[in-house]
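These notes are about the structure you will find just below.
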Amino acid sequence: MRLSPIVTYILRRILISGLVLVGISFIAFTISYLLPSDPVTSRYPDITPEQREEIRRQMGLDQPLPVQYARYIQSVFRGEFGVSYNTGNMVIDDLKDRIPATLELAFWGLGMGIILGIPTGIISAVHRNKFWDNAMRLISIGSQSIPGFWIGVVLIFFLYFQWHIAPMPVGRLGMSFSTPETVTGFLVLDSILLGNWETALAALKQLAMPAFVMGLGMIAPIARITRSAMSESLQEDYIIFGRALGLPERKVVLGDAFRGSLVSIVTVIGFSVGGIFAGSAIVETVFAWPGLGRYAVTAITTSDMAPVNTCILLIATGVALANLLVDISYAFIDPRIRDEYARS
Amino acid sequence: MAELVLENKKKNFQYYYVKLFAGDPLALTGVVMLVFLVIVAIFGPMMVRYDPIKTSSEILLPPSDQYWFGTDQFGRDIFSRTVTSLQLDFSIAVMGVSGAIIIGMIIGALCGYIGGLFDDIVMRLIDFIQSFPMLILAMVLVMVMGPGVRSVVVVTILINIPSYARLIRGETLSKKRLEYIDAARCSGASEARILFRHLVPNTLSPLIVQGSMNLAWAVGNVAAMSFLGVGIQPPTPDLGLMVSEGTQYLAQGCWWMSIYPGLILAITIFCFNLVGDGLQDRLDPRRARG
Amino acid sequence: MVDDTILKISGLSIDAVTTISRKRIVESFDLEVKRGEIYGVVGETGSGKSISMMASVGLTANGLEVSAGTVEFNGKAVEASRQKVLRGNLAAGVSLLFQNAKGALNPFLTVESQIHRVLNLQRVSKKERSRRVQELLVAVGLDPDGIKHKYAHEISGGQAQRVAMACSLATNPQLLIADEPTTALDVTTEREVLEFLKDLCVRRNMAMILIAHNLALVSENCSRISILHAGHVVESGDVAEVFQNPLHPYTQGLLTAIPDVDNPHELVPLDGSVWGGPSLVNRCRFSHRCSCAQDGCNEGIPPMVQIASNHAVRCLRYGGNN
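Protein chains in written order, with this note's numbering: chain C, 1482 to 1825; chain R, 39 to 328; chain A, 118 to 439.
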């Protein structure tokens, strides 16, 4: 059976990514193993040393590292990712609601970054070193420099406490609303799908501030790369030839030059995925958003091994997946790369 | 004849950097403000009126002539704490980034020089570290090592190594071909010395750009980690910590506790980024089409 | 007979501008091309030949600014500084060809799509467009079905140049400005392409400006010629006349440097470098390399002197005071 060369390439990449993830899981496990504060004593502070030993034995915490790791891998393949000592739930259950919450933020944040970042970069490149370029650069550097946790606090103070515009930052939905039935896990979408407009609006209002703060950090890297990639692309010969053929300037810039910079832009968007996780850790803490980020932070600060492992694995998978998607997209964007893939 | 060329080169070097900034108002502003902040960071803590750690009974006072940024819940002057924290954060960032530069350069040079499997493996590792969210990585590592200033510095070094390793590796790879052949035959001086002498001036510019950006990130990262409770521990003042502590008093209207420290932090990061971005723009290979 | 002229450039001057300096690169550039003729513009790299022609169609590069001159195309005269207006001439009578043909083609589109795009500007129906694409590809000597679906990186340099030609021809130009179209090609392909271009010009009554640095090439293919040095036109006229009777010391130097199988002679290189002299403002730009330079040469720009009806030169030795 002969597969198309692109498919072969994709399968190869997935295989390599898989191996990398295995390596990551081991490192993650070792790290969480090394975390201080004994999970047992933090959960049951008033027990005797003998009882503590007994519980540790039951939990399998007295086994050497490789054995514990092996048991952990077995449980992973069974679909169990352990139990969180903080919540008392299976990590899987904890994540079920939290992942969509973070994804919702990520979607809006990345969306904002792209929608604001790309045009900013294009304008900058077209008017390079002139007024608009400097103005755009100032805005994008500014937005990148503002610490997420601080602007979040500032917004909460002014928009909620002082001017009562924003709702209380208690999470995804105000206290007077009940969570709609889960269709997709995205509250806004679910509410709309169920025709529950009030809830949808409320969810949207809750989403506004945290999504904005998330998006703020996404704009600058995207704008910067768009600017430099577009600048380079605009110097290419085919742009000049396009003009020479009488093609209108807008088509040349937004069609051809932009297409030429797309590879770089997609690459940086892929890299931003890592930033989303980092951003979510902060934004979710500030706005009490029940997502992956806050979960991970709590688990790390309390040395809750199972969630730490799983979160690291999850994040690594997300990053690897993003990189893979980026690589695959290259083939669709640029025929030259498509051929390179086919040849290798 | 050779002396003349060298003379010109040196003059051009300085002239080059001055011209670099002259054309870019953004970078210039950034540098000026940065210099100001550095002076404050170095001399400030010696000159502040109040002890940043000592508590007093003048709690939760709004900004006034006496307490420029107001006081916190323990009666400590927020301005003094901000200035002290600036010094601490700067030191951590500088130590972190310089450590990363040194180690990163060594690793990068080794990679470029040795090549082969060693290079492959190390680069893949670096690739991964770079794409992984740095904050999470930082937090986990700090927890493993125990929170505190020392861990934060170590973590900052580790996380910043990849950028420099990659930079130096690129330079080494491109120089290897040239220097290797010439140097081995002609001068007789050790290859290491020649590599070093040519490497440094060439990488100086991208190094400064990268360093600037990393300093911006490092300062922000220290504050973010402290905000989350994973970095600098109380009562040592830290901008992130102060913002975090201040959130509990927002409801009472004590905005100065969170807003001022964060503002100073934002300005600091902004300056570093201005300088880095401005430089990067000038140093990019600008090809003017003829 | 006045309508014989398709393109007339008068007094074109171009400066290189930065935030701290302004340098005059091209000065008083004059050019007159008649319908259907093949005109050569010759000069070393950096002499300003490309810059001048690009400026005349509104494609001045970043960092360059037109400071004076008029461009008259098909009887309509426009100030050279009005670049946007001049760009309107593209696809409305003027087409360009570049040296780097493969790079000139859009890497993301197939050959077919690229020609389609140009035809699209003319509001032609889809069926008609496809027919024209076939026609054009055949006209440039390519097999349409074999090359239609290929991308720029999949075809050879010679093929790419032909595809570029097809694109340029799609707008039915009356004037083709070819900027070193064959410099990147091997000698055999070069000959083919040039023969082909000449043939095209005859069949379509199209004029062509051939920009090159290769004197021999120009002498074989053009009827009239302008020679550029450091942004000044130093000599112009009929090819035969200029080659038999070179007047400007630069032209003489160039011709002496061409190896000739029939007449072997010592190849004498020219002294100095193009831009090597002191400030270039307001003087003859060749004097610093000239063996017979006089004092007057540095005191103003020597004017173009018409020696014969088909021969002009910019040199004080032949008359004209500053």
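Cβ atoms here follow ideal geometry from the backbone N, Cα and C, with glycine treated the same way.
All figures in this text were calculated on a predicted structure; none of them were measured in a lab.
*Which value, in whole angstroms, describes the spacing of the CA atoms of C/Val1747 and C/Ala1738?*
Straight-line Cα distance between these residues: approximately 15 Å.
*For A/Met118, which three-state DSSP category applies?*
Note on A/Met118: pLDDT 45, under 50, position unreliable in the model; the coordinate value appears next. Three-state DSSP puts A/Met118 in coil, outside helix and strand.
*Would you tell me roughly how many angstroms separate the C-alpha atoms of A/Glu312 and R/Thr67, rounded to the nearest one?*
Straight through space, the alpha carbons of R/Thr67 and A/Glu312 are spaced by roughly 60 Å.
*Specify the secondary structure class of A/Val398 as computed by DSSP and reduced to three states.*
Three-state DSSP puts A/Val398 in coil, outside helix and strand.
*Please check if any C-beta of chain C sits within less than 8 Å of the C-beta of R/Val182.*
Yes, R/Val182 lies at the interface with chain C (some Cβ there is under 8 Å from its Cβ).
*Keeping to the same chain, check which residues put their C-beta closer than 6 Å to that of C/Ile1793; ignore five residues upstream and five downstream.*
Within the same chain, C/Ile1793 has close Cβ partners Ala1509.
_A/Lys151, DSSP secondary structure in three states_ = Of the three classes helix, strand and coil, the one that applies to A/Lys151 here is strand, per DSSP.
_Cβ shell of C/Ile1491 (< 7 Å), same chain only, five flanking positions each side left out_ = Counting only Cβ-Cβ distances below 7 Å, and skipping sequence neighbours, we find Ile1809.
*Could you tell me whether the Cβ atoms of C/Gly1598 and C/Ala1704 are closer together than 8 Å?*
Going by C-beta atoms, C/Gly1598 is nearer than 8 Å to C/Ala1704.
*Proximal residues to A/Thr288 (C-beta, below 7 Å), its chain only, five neighbours per side dropped*: So the list reads Ala208, Ser212 and Val235, once near-sequence residues are dropped.
_Of the residues A/Gly413, A/Pro366 and A/Val158, the one placed nearest A/Ala333, counting alpha carbons only_ = Nearest to A/Ala333 by C-alpha distance, out of A/Gly413, A/Pro366 and A/Val158, is A/Val158.
_8 Å Cβ cutoff, C/Pro1816 in contact with chain A_ = Residue-level contact by beta carbon holds for C/Pro1816 and chain A, with a gap shorter than 8 Å.
*Between A/Thr368 and A/Ile137, what straight-line distance do the alpha-carbon atoms span, to the nearest angstrom?*
C-alpha separation (whole angstroms): 35 Å.
*Nonlocal neighbours in the same chain, by C-beta distance under 6 Å from R/Val247, ignoring five residues either side*: Same-chain partners within the cutoff: Gly314, Leu317 and Gln318.
_beta strand (DSSP E) runs contained entirely in the segment 291 to 351 of chain A, provided each spans 3 or more residues_ = Inside the segment 291 to 351 of chain A, DSSP marks whole beta strand (DSSP E) runs of 3 or more residues at positions 292 to 296, 324 to 329 and 341 to 346, from first to last along the chain.
*Between C/Ile1604 and the rest of its own chain, which residues show a CB-CB distance below 7 Å, the 5 nearest in sequence each way excluded?*
Residues of the same chain with a CB within less than 7 Å of the CB of C/Ile1604, apart from the 5 flanking positions on each side, are Trp1613 and Met1617 in chain order.
*Answer with buried or exposed for C/Pro1729, where buried requires no fewer than 16 other C-beta atoms within 10 angstroms of its C-beta.*
Per the 10 Å Cβ criterion, exposed.
_Give me, in chain order, the residues of the same chain whose beta-carbon lies closer than 6 Å to that of C/Phe1630; leave out the 5 immediate sequence neighbours on both sides._
Once the five neighbours on either side are set aside, the close Cβ partners of C/Phe1630 are Ile1763 and Val1767.
*asked:* Quick check: R/Met280 and R/Val180, are their CB atoms within less than 8 Å of each other?
replied: Result no, Cβ atoms of R/Met280 and R/Val180 do not sit closer than 8 Å.
*asked:* Please tell me whether R/Trp294 has its Cβ less than 8 Å away from any Cβ of chain C.
replied: Chain C contact via Cβ: absent.
*Could you tell me which chain A residues have their CB closer than 8 Å to the CB of C/Ala1509, listed as they occur along the chain?*
Neighbours of C/Ala1509 on chain A: none; closest Cβ ~41 Å, over 8 Å.
*Show which residues of chain A have a CB atom less than 8 Å away from the CB atom of C/Glu1717.*
Contacts between C/Glu1717 and chain A, judged by CB atoms closer than 8 Å, involve Gly220 in chain order.
*Anyone know if the C-beta pair for R/Ile174 and C/Ala1777 falls short of 8 Å?*
Contact flag set, yes.
_Closer than 8 Å to chain C by CB, R/Ser201_ = With 8 Å as the cut-off, R/Ser201 does not count as an interface residue toward chain C.
_Below-8 Å beta-carbon distance, A/Asn439 vs any chain C residue_ = Reliability of the predicted coordinates at A/Asn439 is poor, the pLDDT of 48 falling under 50, and no value is obtained from them.
_Against A/Phe215, what residues of chain C qualify as contacts under a CB-to-CB distance less than 9 Å, listed in chain order?_
Those within 9 Å of A/Phe215 in chain C are Asp1718, Ile1721, Phe1722 and Ala1725.
*Enumerate in chain order the residues of its own chain whose CB-to-CB distance from C/Glu1531 is below 6 Å, with the five nearest sequence positions on each side excluded.*
Answer for C/Glu1531: no residue qualifies.
*Other residues of its chain near A/Gly436: CB distance less than 8 Å, five sequence neighbours each side excluded*: Apart from sequence neighbours up to five positions away, the residues of its chain that approach A/Gly436 with a beta-carbon distance below 8 Å are Val422, ordered along the chain.
_From the DSSP secondary-structure annotation, give me the bridge partner or partners of C/Met1571._
When beta bridges are read from the DSSP output, C/Met1571 appears opposite C/Val1564.
*Span of the beta strand (DSSP E) holding C/Thr1766?*
Note, C/Thr1766: premise wrong, no beta strand (DSSP E); alpha helix (DSSP H) at Phe1739 to Val1767.
*chain C contact residues for R/Asp315, given Cβ-Cβ distances below 8 Å*: Identification of chain C residues near R/Asp315 by a Cβ-Cβ cut-off of 8 Å yields Arg1618, Ile1622 and Arg1705, ordered along the chain.
*Which class does A/Ser212 belong to by DSSP, given the choice of helix, strand or coil?*
DSSP places A/Ser212 in strand when its eight states are reduced to three.
*Specify the secondary structure class of A/Glu182 as computed by DSSP and reduced to three states.*
Of the three classes helix, strand and coil, the one that applies to A/Glu182 here is strand, per DSSP.
*Rounded straight-line distance, which links the Cα of R/Ser243 to that of A/Leu222*: Their Cα atoms are separated by approximately 35 Å.
*Contiguous alpha helix (DSSP H) assignments of at least 4 residues, all confined to the segment 1563 to 1642 of chain C*: Unbroken alpha helix (DSSP H) runs of no fewer than 4 residues, entirely contained in the segment 1563 to 1642 of chain C, are found at 1572 to 1607, 1612 to 1626 and 1629 to 1636, following chain order.
*Are the segment 354 to 362 of chain A and the segment 278 to 294 of chain A touching, with three or more C-beta to C-beta distances below 8 Å?*
Under the Cβ criterion (8 Å, minimum of three pairs), the segment 354 to 362 of chain A does not count as touching the segment 278 to 294 of chain A.
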